[in-house]
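In this note's numbering, the protein residues as written are 1 to 275.
We put the beta carbon where it would ideally sit given N, CA and C, even for glycine.
Owing to the predicted nature of the structure, the values given are computational and were not obtained by experimental measurement.
For reference, the structure is listed below as structure tokens.
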Amino acid sequence: MADGLRRLAQTILNHERTTYLATHPEHVGNGFAPPRVIHWRTAPLTIAVPRTRGGFYPESLTRYQRTLPDAHGQFLRDLLFHAKSFSELARTVRRLGLPFAPDEIEPLLEELYAEARDFMQRPLPSDYLCVMIDAKAVRIRDEKGTLLRGHTFLALGITLEGRKEILGHSSFHRPESLESWKTFLLDLKNRGLTRVGLFVTDPFPGLTKLLAGAGGLFHTHREATVKIYILADHLHRFRWHKPNAHLKAHLAEWIRLFHSQYESETPSPFLTQNS
Numbered sequence: 001m002a003d004g005l006r007r008l009a010q011t012i013l014n015h016e017r018t019t020y021l022a023t024h025p026e027h028v029g030n031g032f033a034p035p036r037v038i039h040w041r042t043a044p045l046t047i048a049v050p051r052t053r054g055g056f057y058p059e060s061l062t063r064y065q066r067t068l069p070d071a072h073g074q075f076l077r078d079l080l081f082h083a084k085s086f087s088e089l090a091r092t093v094r095r096l097g098l099p100f101a102p103d104e105i106e107p108l109l110e111e112l113y114a115e116a117r118d119f120m121q122r123p124l125p126s127d128y129l130c131v132m133i134d135a136k137a138v139r140i141r142d143e144k145g146t147l148l149r150g151h152t153f154l155a156l157g158i159t160l161e162g163r164k165e166i167l168g169h170s171s172f173h174r175p176e177s178l179e180s181w182k183t184f185l186l187d188l189k190n191r192g193l194t195r196v197g198l199f200v201t202d203p204f205p206g207l208t209k210l211l212a213g214a215g216g217l218f219h220t221h222r223e224a225t226v227k228i229y230i231l232a233d234h235l236h237r238f239r240w241h242k243p244n245a246h247l248k249a250h251l252a253e254w255i256r257l258f259h260s261q262y263e264s265e266t267p268s269p270f271l272t273q274n275s
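Right, here's the structure in full:
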């Protein structure tokens, strides 16, 4: 999040200088001031203030300040995570009084969209210790503005080193179906994902066979996938009753038994004792 806020803050400052030079043709750009760190809440952002030979300074950044005004920080957060349309973003900009016209915001959002697209289409490693996928029913507006019933997928992976990564996200303008699950999973596979230790998903009809049955999409353990489905039904008990020692002990025992049962059958490194 901090890196996204930093890049967005820098882009805003650069666009502000571009707008200034367009209305002051007698001035020219003069590089950037040395980079400095400012903070939005607890997030440090390293930025370089753009300069001109005419004494320009961004109106959205007070001189010598070391923190972003909360209004601007809220704008950055809204822009990155909450803006659902260009019109909504334009209203946010006007409300905060930032020096942007709608035709200047659109290229900025297109840049962010391109970055998000590249991230969601990036190649994936072949092996993951665990992949968690969930589908959520939502209402989505199509290109004509019609509100449709749909669903959206989000896939979260745990690497062999224990890091969490967002693997993919996709929305469909129709109710959840096995076909949409297959489309989403094929995208993950085509980007490189082939071997998964554990899948955590909803118990959607037909999904077990699609993931790991005969002719399934991935190399995994069907029995493990089935048991994970059962375990997923109880995850809400972990969420609301974290001190439940019995449930935690049951999970630890299940993982131990899974490891001992499948370690010798799996060439993947993520089920070895040393991983």
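Legend entry - 8 Å contact criterion, which His173 and Gly150 should meet: CB distance rounded: Contact flag correct, Cβ pair sits at about 5 Å.
Inset, instruction - Any chance you could list the alpha helix (DSSP H) runs of at least 4 consecutive residues sitting entirely within the stretch 165-205, in chain order? - result: 178-190
Inset, instruction - Go ahead and label Phe184 buried or exposed: buried means 16 or more other beta carbons lie within 10 angstroms of its beta carbon, across all protein chains shown. - result: buried
Inset, instruction - Classify Tyr20 as helix, strand or coil using the three-state DSSP reduction. - result: helix
Legend entry - Short Cβ contact (9 Å threshold) for His15 with Arg53: no
Inset, instruction - Evaluate the contact criterion for the stretch 183-197 versus the stretch 124-131: three or more CB pairs, one atom per stretch, below 8 Å. - result: yes
Inset, instruction - Count the other C-beta atoms from every protein chain shown that fall within 10 angstroms of the C-beta of Tyr20, then say buried if there are 16 or more, exposed otherwise. - result: Taking every protein chain shown into account, the CB of Tyr20 has 16 or more other CB atoms within 10 angstroms, so this residue is buried.
Inset, instruction - Measure the Cβ-Cβ separation of Glu176 and Phe199 and say whether it is below 9 Å. - result: The answer is no: Cβ separation not under 9 Å.
Inset, instruction - Output the distance between the C-alpha atoms of Pro25 and Ser170, rounded to the nearest integer angstrom. - result: 45 Å
Inset, instruction - Please name the residue, chosen from Cys130, Ala43, Ser180, Phe119, that lies closest to Arg191 on a Cα-to-Cα basis. - result: Phe119
Inset, instruction - Using the Cα positions of Ala9 and Ala155, report the straight-line distance between them to the nearest angstrom. - result: 28 Å
Inset, instruction - Measure the beta-carbon distance from Arg91 to Leu45 and round it to whole angstroms, keeping in mind my assumption that it falls under 8 Å. - result: Leu45 and Arg91 do not touch by the CB rule: their CB atoms are close to 25 Å apart, not below 8 Å.
Inset, instruction - Check each candidate in Leu210, Ser180, Leu188, Pro35 and name the one with the smallest Cα separation from Ala48. - result: Checking every option, the nearest Cα to that of Ala48 belongs to Pro35.
Legend entry - Environment of Val138 [buried if 16+ CB atoms lie within 10 Å]: Per the 10 Å Cβ criterion, exposed.
Legend entry - Unbroken beta strand (DSSP E) run spanning Lys136, endpoints: 127-141 is the span of the beta strand (DSSP E), which, as asked, contains Lys136.
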